[in-house]
C-alpha cells in the first residue's frame, strides 16, 4: 500500500482537521492533592504513634490531711453554753459546749433539788467525820495521859520496892544480931520477937508493892490495847466515811450527767462548721461542729479525697496523675489543679462512713448506691491563681477529678476489641 500512495499522502493522513489535543495544567489541584496526602500521612502517623491516657472520672472534696472530726450531741437537751467560735483554735480537753438535759417540776429543776440534797448529805457526812475524829483523838489523848500516870506509879512502886528490899536486908541483919545476943542472954526473947515482927511487916509491904506493880502493869497493857482499838476504830470509821463521801461524789457526778453534759475537744484542733447556738434544742447525734486536727508537722496541710465506685477502682494506683476541677473555680477560666494519688482504701465505705452531709451528692455523682472507695491525692499546690492573686483552698470544696492511668496509642485503642477477642480465643 505504501507503493500506491506518495509519502506526502501517508504523512498527512493521521492529521486531524481540528488540530492536536493537549491537557491543561492546574496548580491548585496539585496543591490540594499534596495537602490531602500530607494530612493523611500525619493522621496515620498520629494514629500509630500518638498516645491517649485512659482516664477515670470521679468526684470528691478538699479535706485536711489529718481528716475532719465531727462533734455531735451525745444527749437530747438544750444548749446552755457555747465556749468556742468559728475558726478558733482549741486545745485538747477544753470544754466546747454545755448541754442542759435535766427536767423540772413544780418545785424547780429536778437536778438542782437532787444536787441540794446530795450537798446536804455531804456536809452531814463531813460533820460526822470531824466529830468522830475529834472524839477518837480526845479518847486517845486521855488514854495516853492515863498510861503516863500509870507508868509514873510503876516507877514509884519500883522505888518503894527497892527501899523495902534494903530495909528488909537491914532488918534481917538486926534479927540475926538479936538472936545471937539472946542466945548469950544479953536480950530477952520478946525483943527478938519484936524485930521478927518488924521484918515480917517489911516483907509484907514489899509483897504488896510488887502486887501493886503487877496491877499497874496490867492497866498499862489494857490502856495500850484500848488505844490500839480506838486507833483501829478511828481508821475504820474514817474509811467508812470516805466510802460514803465517794458514793455521794459518784451520785453527784451521775446527777450532773443527768442534769447537763459537756462536750470537750479530744485534741488540738480548729473549729469549723459551727452550728451550735445557745438556747438551741438538740437531739442525740445531731452535729454541732467539725474539728480540724492540728499537728506540728502537718498543720494546715490539705489534700483531695476522691470517692470511686468499684467499677472505676480496678487500675487506680499510687503515683498516678490526677487533674482536679474545682466547682468553686471553673476550670475553663482558672485551669486545672494537679495532684498525685497517695493512698487507696482497701475496703469500701458505706453511706454512713462518707463525709458528713456529702454522702448523697457523692453517691449521685458516682451514679451508684454501692459503697465507694476513698482515694487520697496529694496536691501540688494548696492555692489557685485567680484575678492576679493566690486564693487558698478550703476544706469541704467539692470537685471532680480525672485520674490518668495507662497510656496507649490510638491504634491500640482502635484495635482493642480485636485484641480482646484474640486473647479470649
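Numbering (this note's numbering), first residue to last: 1468 to 1892. By construction, the Cβ of each residue, glycine as well, lies at the ideal position given by its N, Cα and C atoms.
Inter-residue spacing [alpha-carbon to alpha-carbon] between residue i and residue j
i            : j            : result
residue 1568 : residue 1715 : 21 Å
residue 1731 : residue 1533 : 19 Å
residue 1839 : residue 1709 : 56 Å
residue 1752 : residue 1842 : 27 Å
residue 1651 : residue 1645 : 10 Å
residue 1531 : residue 1755 : 19 Å
residue 1632 : residue 1611 : 31 Å
residue 1766 : residue 1508 : Only weak support is given to the placement of residue 1766: the predicted model assigns it a pLDDT of 49, under 50, and the value that follows is read from those uncertain coordinates. Each residue's alpha carbon lies about 55 Å from the other.
residue 1825 : residue 1721 : 37 Å
residue 1862 : residue 1849 : 11 Å
residue 1836 : residue 1558 : 39 Å
residue 1688 : residue 1681 : 11 Å
residue 1817 : residue 1728 : 30 Å
residue 1713 : residue 1584 : 15 Å
residue 1857 : residue 1801 : 11 Å
residue 1806 : residue 1564 : 38 Å
residue 1871 : residue 1814 : 22 Å
residue 1685 : residue 1614 : 11 Å
residue 1789 : residue 1844 : 8 Å
residue 1852 : residue 1768 : 18 Å
residue 1593 : residue 1704 : 12 Å
residue 1628 : residue 1641 : 20 Å
residue 1635 : residue 1678 : 17 Å
residue 1605 : residue 1619 : 21 Å
residue 1717 : residue 1707 : 15 Å
residue 1587 : residue 1603 : 24 Å
residue 1608 : residue 1601 : 10 Å
Residue i, buried or exposed, once every other Cβ within 10 Å from all chains shown has been counted against 16
i            : result
residue 1573 : Confidence at residue 1573 is low in this model, with a pLDDT of 48, below 50, so the placement of that residue should be treated as unreliable; the coordinate-derived value is given next. Its Cβ having fewer than 16 others within 10 Å, residue 1573 is exposed.
residue 1808 : buried
residue 1562 : exposed
residue 1696 : exposed
residue 1667 : exposed
residue 1854 : exposed
residue 1873 : exposed
residue 1804 : buried
residue 1506 : exposed
residue 1757 : buried
residue 1819 : exposed
residue 1736 : buried
residue 1503 : exposed
residue 1501 : exposed
residue 1822 : buried
residue 1770 : buried
residue 1637 : exposed
residue 1760 : buried
residue 1450 : Residue 1450 lies beyond the residue range present for the chain, which begins at 1468 and ends at 1892; the question has no answer from this structure.
residue 1511 : exposed
residue 1499 : exposed
residue 1624 : buried
residue 1540 : buried
For residue i, the three-state DSSP class (helix, strand or coil)
i            : result
residue 1766 : Because residue 1766 sits at a pLDDT of 49, beneath the cut-off of 50, its placement in the model cannot be relied upon, and the following sentence gives the value as read from the coordinates. Of the three classes helix, strand and coil, the one that applies to residue 1766 here is coil, per DSSP.
residue 1774 : strand
residue 1754 : strand
residue 1599 : helix
residue 1694 : helix
residue 1522 : strand
residue 1555 : coil
residue 1761 : coil
residue 1806 : strand
residue 1792 : strand
residue 1540 : coil
residue 1533 : coil
residue 1897 : No answer is possible for residue 1897: it lies beyond the span of the chain, which begins at 1468 and ends at 1892.
residue 1585 : helix
residue 1742 : coil
residue 1780 : coil
residue 1527 : strand
residue 1737 : strand
residue 1613 : helix
Run through the stretch 1820–1875 for me and flag every whole beta strand (DSSP E) of 3 or more residues, listed as ranges in chain order. DSSP runs (the beta strand (DSSP E)) wholly in the stretch 1820–1875: 1840–1846, 1850–1853 and 1856–1859.
Taking three-plus beta-carbon pairs below 8 Å as touching, is the stretch 1648–1656 in contact with the stretch 1672–1685? As far as the Cβ criterion goes, the stretch 1648–1656 does not touch the stretch 1672–1685, which means the pair count is below three.
Is it a yes or a no for the stretch 1794–1804 touching the stretch 1822–1832, going by three-plus beta-carbon pairs under 8 Å? With a cut-off of 8 Å, the stretch 1822–1832 and the stretch 1794–1804 do not count as touching, because too few Cβ pairs lie within range.
So, do the stretch 1544–1560 and the stretch 1744–1757 have three or more beta carbon pairs nearer to each other than 8 Å? Result yes; three or more Cβ-Cβ pairs closer than 8 Å.
Can you list, in chain order, the stretches of the beta strand (DSSP E) that have 3 or more residues and sit fully within the stretch 1698–1735? 1727–1731, all fully within the stretch 1698–1735.
May I ask you to verify whether the stretch 1782–1793 touches the stretch 1859–1873, counting CB pairs closer than 8 Å and requiring at least 3? Segments in contact, yes.
Does the stretch 1771–1778 come into contact with the stretch 1521–1533, if we say contact requires no fewer than three beta-carbon pairs (one atom in each stretch) closer than 8 Å? They touch, by the three-pair rule.
With a floor of 3 residues, list each beta strand (DSSP E) that falls wholly inside the stretch 1633–1695, ordered by position along the chain. Taking 3 residues as the minimum length, the stretch 1633–1695 contains no beta strand (DSSP E) run wholly inside it.
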